[in-house]
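Take the sequence shown: its letter number 18 is residue 23 in this note's numbering, and every next letter is one higher.
Below is one structure; the comments refer to it alone.
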Amino acid sequence: MTIRVVLADDQNLVRAAFAMLVETARDMEVVGQAATGREAVELARTGRADLVVMDIRMPDLDGIEATRLIAADENLAGVRVLVLTTYDTDEHIVEALRAGASGFLVKDTRPAELLDAIRTVAAGDALLSPGPTARLVARFLRAPSAPALAAGGPEGLSEREREVLALVARGLNNTEIAAALGLSPLTAKTHVSRIMGKLGARDRTQLVIVAYESGLVTPGDTGRA
Numbered sequence: 006m007t008i009r010v011v012l013a014d015d016q017n018l019v020r021a022a023f024a025m026l027v028e029t030a031r032d033m034e035v036v037g038q039a040a041t042g043r044e045a046v047e048l049a050r051t052g053r054a055d056l057v058v059m060d061i062r063m064p065d066l067d068g069i070e071a072t073r074l075i076a077a078d079e080n081l082a083g084v085r086v087l088v089l090t091t092y093d094t095d096e097h098i099v100e101a102l103r104a105g106a107s108g109f110l111v112k113d114t115r116p117a118e119l120l121d122a123i124r125t126v127a128a129g130d131a132l133l134s135p136g137p138t139a140r141l142v143a144r145f146l147r148a149p150s151a152p153a154l155a156a157g158g159p160e161g162l163s164e165r166e167r168e169v170l171a172l173v174a175r176g177l178n179n180t181e182i183a184a185a186l187g188l189s190p191l192t193a194k195t196h197v198s199r200i201m202g203k204l205g206a207r208d209r210t211q212l213v214i215v216a217y218e219s220g221l222v223t224p225g226d227t228g229r230a
């Protein structure tokens with residue numbers, strides 16, 4: 006299945022370079038290039054995109070607000086956003102995740118890693134740049150002024166579901182969760198889907214946020230960002 010990608014960056018040369026890279030992958034297709042956040046939102050709609058590679062600092066509408074509009078649009082429920090930026094700061098990481106981004110990478114990422122990141126996010130998995138640490142993400146996500154992201158919290162989950170949520174927050178995939186809990190991969194996947202439904206989460210990244218916000222997972226508990 007081909008991943009339909011929109012590239013959003015205000016620099017023509019950067020967009021062209023990303024487009025050439027993405028087009029080298031047999032499982033990807035560039036369906037639009039945007040110079041502003043507003044163009045990115047429109048192309049996500051008209052291009053029937055699966056994923057938007059989104060720069061943060063753009064004119065007219067920045068990448069954070071564009072991501073928020075995409076995440077809030079029911080007609081774009083299947084569109085994932087991978088934020089790619091030069092600015093590896095705590096605030097940008099958290100703002101991107103809160104806006105609905107499913108992944109975060111800095112622009113000095115190697116080409117092969119970017120393609121892998123697109124595949125990971127398009128598949129519905131969470132992805133954070135290796136640079137940001139769990140301590141920094143957790144500190145900002147659990148700030149008193151931070152609004153709750155999902156309608157419910159882990160208190161409404163079963164004990165098994167809380168265990169699965171904690172492992173998702175530590176960065177484990179379904180196969181790794183299954184091995185850790187002695188389950189089949191299919192059962193682990195079912196648990197994750199049910200948890201997302203109960204918490205009103207869009208994807209695994211939002212499960213990570215809920216786990217940190219609620220205190221289910223703390224920086225000292227996790228070995229993976």
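Beta carbons: idealized from backbone N, C-alpha and C, even for Gly.
Report task. With DSSP as the reference, label residue 20 as helix, strand or coil. Result -> Locating residue 20 in the sequence shown gives position 15, where the first residue counts as 1. It is helical.
Requested in this report: Kindly indicate which three-state DSSP category residue 176 falls into: helix, strand or coil?
Outcome: If you number the sequence shown from 1, residue 176 lands on position 171. Looking at residue 176 - three-state DSSP - the assignment turns out to be coil, as it is neither helix nor strand.
Query raised in the report: Which whole-angstrom value is the C-beta distance of residue 56 and residue 8, which I expect to be below 8 Å?
Result: Walking along the sequence shown from the start, residue 56 turns up at place 51. Walking along the sequence shown from the start, residue 8 turns up at place 3. Confirmed, about 6 Å.
Query - 4 or more residues per run - each alpha helix (DSSP H) lying fully within the region 31-102 - result: 42-51, 68-77
Report task. Specify, as a first and last residue, the run of the beta strand (DSSP E) that residue 129 falls within. Result -> If you number the sequence shown from 1, residue 129 lands on position 124. Run containing residue 129: none; DSSP gives neither H nor E here.
Query raised in the report: Can you tell me whether residue 64 is buried or exposed, with buried defined as 16 or more other CB within 10 angstroms of its CB?
Result: As a working note, residue 64 is residue 59 in the sequence shown. The residue in question, residue 64, is exposed, as its Cβ has fewer than 16 Cβ neighbours within 10 Å.
Query raised in the report: Between which two residues does the alpha helix (DSSP H) containing residue 9 stretch?
Result: Position 4 of the sequence shown holds residue 9. Element bounds for residue 9: not the alpha helix (DSSP H) but the beta strand (DSSP E), 8-13.
Query raised in the report: Whole-angstrom Cβ separation of residue 203 and residue 162, contact assumed at under 8 Å?
Result: Counted from its first residue, the sequence shown places residue 203 at position 198. Counted from its first residue, the sequence shown places residue 162 at position 157. So it is a contact: roughly 6 Å between Cβ atoms.
Query raised in the report: Leaving out five residues before and five after residue 135 in sequence, what residues of the same chain have Cβ atoms less than 6 Å from its Cβ?
Result: Taking the first residue of the sequence shown as 1, we reach residue 135 at position 130. The pLDDT assigned to residue 135 is 47, lower than 50, so where the model puts this residue is not dependable, and the model offers no usable value.
Requested in this report: Select from 196, 179, 123 the residue whose C-alpha is nearest the C-alpha of residue 190.
Outcome: Within the sequence shown, the letter at position 185 stands for residue 190. The candidate whose alpha carbon is nearest that of residue 190 is 179.
Query raised in the report: Where DSSP assigns a beta bridge to residue 111, which residues make up the other side?
Result: Here residue 111 is taken as the residue at index 106 of the sequence shown, counted from 1. Paired residue(s): 90.
Report task. Given a cut-off of 8 Å, decide if residue 66 and residue 42 are closer than it, judged by their beta-carbon atoms. Result -> Translated into positions along the sequence shown, residue 42 becomes position 37. Translated into positions along the sequence shown, residue 66 becomes position 61. Contact flag set, yes.
Requested in this report: Check residue 219 in the structure and name its three-state DSSP category.
Outcome: Within the sequence shown, numbered from 1, the residue matching residue 219 stands at position 214. DSSP places residue 219 in helix when its eight states are reduced to three.
Query raised in the report: For the putative contact between residue 61 and residue 30, defined by C-beta atoms under 8 Å, what is the C-beta separation to the nearest angstrom?
Result: In the sequence shown, residue 61 corresponds to position 56, counting from 1. In the sequence shown, residue 30 corresponds to position 25, counting from 1. 24 Å between Cβ atoms; not a contact.
Query raised in the report: From 221, 21, 207, pick the residue whose C-alpha is nearest to that of residue 128; which is it?
Result: Translated into positions along the sequence shown, residue 128 becomes position 123. Among 221, 21, 207, the Cα nearest to that of residue 128 is on 207.
Report task. State the Cα-Cα distance for the pair residue 69 and residue 54, rounded to the nearest angstrom. Result -> Here the question's residue 69 lines up with position 64 in the sequence shown. Here the question's residue 54 lines up with position 49 in the sequence shown. Between residue 69 and residue 54, the C-alpha separation is close to 18 Å.
Query - residue 46 vs residue 23 beta-carbon contact at 8 Å - result: On the sequence shown, position 41 is the one that residue 46 refers to. On the sequence shown, position 18 is the one that residue 23 refers to. Contact: no.
**Report entry** CB of residue 33 within 8 Å of CB of residue 10, strictly
**Finding:** Within the sequence shown, residue 33 is the residue found at index 28, counting from 1. Within the sequence shown, residue 10 is the residue found at index 5, counting from 1. Closer than 8 Å, so yes.
Query raised in the report: Is residue 186 helix, strand or coil by DSSP?
Result: As a first step, residue 186 is located in the sequence shown; it is residue number 181 there, counting from the start. Reduced to three states, the DSSP call for residue 186 is helix.
Report task. Take the Cβ of residue 174 as the centre, count every other Cβ of all protein chains shown within 10 Å, and call the residue buried at 16 or more, exposed below. Result -> Against the sequence shown, residue 174 aligns to sequence position 169. Counting Cβ neighbours within 10 Å, residue 174 comes out buried, since at least 16 surround it.
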